[in-house]
Each structure stands twice: as structure tokens, then as C-alpha cells.
Amino acid sequence: AVVSTQSTGCVLKVHKTTLNEFSRRKDYIDRRYTKLISNNKKKLVEIWSMKEVHNLNRLRRHGVPCPEVVAYRKQLLLLSFIGSKGVPAMTLKEAVFSRDQLRSAYEQLMSGMKTMFTKCQLVHGDLSAYNLLWFNGTLYFIDLGQGV
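Here the sequence shown stands for residues 15 to 162, where the numbers follow the numbering used here.
Rendered as C-alpha cells:
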């Protein structure tokens with residue numbers, strides 16, 4: 015279950031309009047949008063943000079735990095906060111698991127990836143222990159801008 019935005023707040027995700035951190039971003043954009051992009055880096059980042067919103071909404075429609083998109087505009091995404099009392103959920107990299115929790119996290123990961131592929135027709139594109147959150151026994155998928 016995704017944490018309610020009304021009781022826990024939101025986070026603001028900003029996609030930088032400079033592309034120094036990821037120069038191949040254009041390679042991950044659907045060809046239908048190529049004409050809109052040309053060499054306009056700001057427009058590319060806006061389309062990247064729109065793509066992440068679309069991907070997150072696809073996951074939520076099929077029951078894959080991920081942040082809820084509350085609102086977005088250009089390169090700004092307002093997402094539901096996953097955590098408690100202002101403390102964000104741990105990344106999978108940071109989490110310490112019991113044997114049962116580890117088994118549960120693994121099963122949720124496999125189930126989430128299967129649903130993403132078969133029902134959402136999506137591959138994460140940047141799946142790592144840094145792009146998975148662990149909160150209250152649930153594994154959340156985040157950072158889906160590279161999803162294809």
C-alpha cells in the first residue's frame with residue numbers, strides 16, 4: 015500500500031535542466047517525441063519528467079508499489095512521501111533484513127518486475143538497490159524515468 019499523501023506529506027523531485035549527469039537521456043525517450051526534442055535540452059528534460067509520471071502511473075494502475083504522482087509541471091514532480099514522521103524510507107542498499115524480510119523483499123522484487131514487464135509492458139531501465147525503497151515490509155519502486 016502506498017502511504018497517503020494527506021497524512022504524510024509529499025516530496026518534490028526536480029529533474030535538472032542541465033544534462034551533465036546523464037548525457038544519453040535522449041536514447042530513452044520514445045521515438046514519437048523525437049521531433050519535439052530536437053536539441054532543446056530544456057524540452058528534453060520536460061519530456062523525461064512526463065515519461066516518469068506516465069511510468070509511475072502505469073505501475074500504480076497494476077498494483078506495483080511506487081510513489082503516487084500528486085502533480086507535475088515541466089521538470090517538477092510532486093510525489094507522495096514514503097516514510098514516517100518526516101523520515102524517508104530506507105533504500106534497499108541501506109536496509110537491514112531478517113531472513114524472513116529478505117525473502118519477502120526478494121519475492122516482492124520478482125513479483126513487481128514480472129508485473130512491470132507483463133502488465134505494464136515496462137522495464138525499469140535503472141533498477142538497483144538505490145532505486146528501491148523498503149518501508150513497513152513493502153518494497154517500493156522509484157526513479158522510473160529510464161523505464162522503457
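By construction, the Cβ of each residue, glycine as well, lies at the ideal position given by its N, Cα and C atoms.
What's the C-alpha gap between residue i and residue j?
i           : j           : result
residue 15  : residue 77  : Any answer about residue 15 is weak, because its pLDDT of 32 lies below 50 and its placement is not dependable; what the coordinates show is given next. Between residue 15 and residue 77, the C-alpha separation is close to 9 Å.
residue 161 : residue 112 : 30 Å
residue 61  : residue 154 : 23 Å
residue 88  : residue 159 : 14 Å
residue 123 : residue 97  : 19 Å
Taking 7 Å as the cut-off, decide whether the C-beta atoms of residue i and residue j are in contact.
i           : j          : result
residue 93  : residue 85 : no
residue 131 : residue 25 : no
By DSSP's criteria, residue i is part of a beta bridge. Which residues make up the other side?
i           : result
residue 102 : 97
residue 148 : 104 and 153
residue 92  : 26 and 85
Locate the alpha helix (DSSP H) running through residue i, then write down its first and last residues.
i           : result
residue 56  : 55–75
residue 115 : 113–132
Is there contact between the stretch 99–106 and the stretch 66–82, where contact requires at least three CB pairs shorter than 8 Å? no
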